[in-house]
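Notes to accompany the following structure.
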Amino acid sequence: MAEIDFGTYHHSSLEESIKLRGLVKEKMNQVLDTLYPATQKINILDAGCGLGFMVSIAAKHFPYASITGIDIFNHDSLSGSSMEKALQNMKELGIDNRVVLINHNLLTPFTIETKFDLAMSNLVFHNLGKNRFRAYDNVIECLNGGAYFILIDLLPEQSIDMDYLRNSFSTVMEIPITGNGKWDLQLKVFQKI
1 MAEIDFGTYH HSSLEESIKL RGLVKEKMNQ VLDTLYPATQ KINILDAGCG LGFMVSIAAK
61 HFPYASITGI DIFNHDSLSG SSMEKALQNM KELGIDNRVV LINHNLLTPF TIETKFDLAM
121 SNLVFHNLGK NRFRAYDNVI ECLNGGAYFI LIDLLPEQSI DMDYLRNSFS TVMEIPITGN
181 GKWDLQLKVF QKI
């Protein structure tokens, strides 16, 4: 199988993006092992799914999961992003039969009826600026009680985000992915209260 094209992150080269995805994948696999048994049928949301990188990790880890990816699919933060390319990636990965992609802005309340057991997001919320709190609320609203939210992002004002999220979640774990400075990538797992 040819290498799947998940795009290039802005402010990054293709090589740097691939390296970063490798680090994220390693940490995600460690984290997913602790949340649910791999054989459990769960509903997963990828908030800002881009070309399906996080969807691919979750689909491989949870072969019986149903996955919904939400994105606007046309933005500057990921090169070559389009719904058509994301759908092509799902087909090439052989997971298109259990993945639904929805063209929707995270800043607008979701209209899907499904409640999710796990939400995840990779390098999305920092791009939303102060509007990210509306997006957090929309993700929170669609989660079942006790559901998990995996947030992987560069949040220079982490304490503000953490305080906000602690209104709805308990913090399960925090894992650094790159470095230890203000703009370093962090993986955080929250559980809805």
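For the sequence shown, this note's numbering begins at 1 and goes up steadily by one. Note that beta-carbon positions come from the ideal geometry of N, C-alpha and C, so glycine has one too.
The stretch 9 to 55 contains, as complete alpha helix (DSSP H) runs of 4+ residues, the segments 14 to 35 (chain order).
7 Å or more divides the Cβ of Leu155 from the Cβ of Asn131. Beyond the five residues adjoining it in sequence on each side, Ala135 comes within less than 6 Å, by CB distance, of Leu106, Leu107, Leu128 in the same chain, given in chain order.
Residue state for Glu113 is assigned as coil, using DSSP reduced to three classes. Scanning its chain for C-beta atoms nearer than 8 Å, with the 5 sequence neighbours on each side dropped, one finds around Cys49 the residues Val55, Gly69, Ile70, Asp71, Ala86, Leu101, in chain order. Going by DSSP, Ala147 is part of the beta strand (DSSP E) stretching over 143 to 153.
In the assembly as shown, Ala38 is an exposed residue. Its beta-carbon has fewer than 16 other beta-carbons within 10 Å.
With a 10 Å radius around the Cβ and a threshold of 16 neighbouring Cβ atoms, Gly22 comes out exposed. Separation of Glu174 and Gly80 (C-alpha to C-alpha, rounded to the nearest whole angstrom) is 31 Å. Taking a 10 Å sphere around the C-beta of Lys19, we find fewer than 16 other C-beta atoms and assign the residue as exposed. Shown here, Ile160 sits in a helix according to DSSP, grouped into three states. Residue pairing by DSSP puts Lys192 in a beta bridge opposite Phe169.
The Cβ-Cβ distance between Ile177 and Asn89 does not fall below 7 Å. Shortest Cα-Cα distance from Lys91 to any of Glu113, Asn122, Asp117, Ala59 involves Ala59. Excluding sequence positions up to five before and after Phe133, its CB lies within less than 7 Å of the CB of Tyr164, all in the same chain and listed in chain order. The C-alpha of Ala65 lies about 32 Å from the C-alpha of Ser13. Separation of the CB atoms of Phe169 and Gln191 is rounded to 6 Å, and the pair is thereby assigned contact status at 8 Å.
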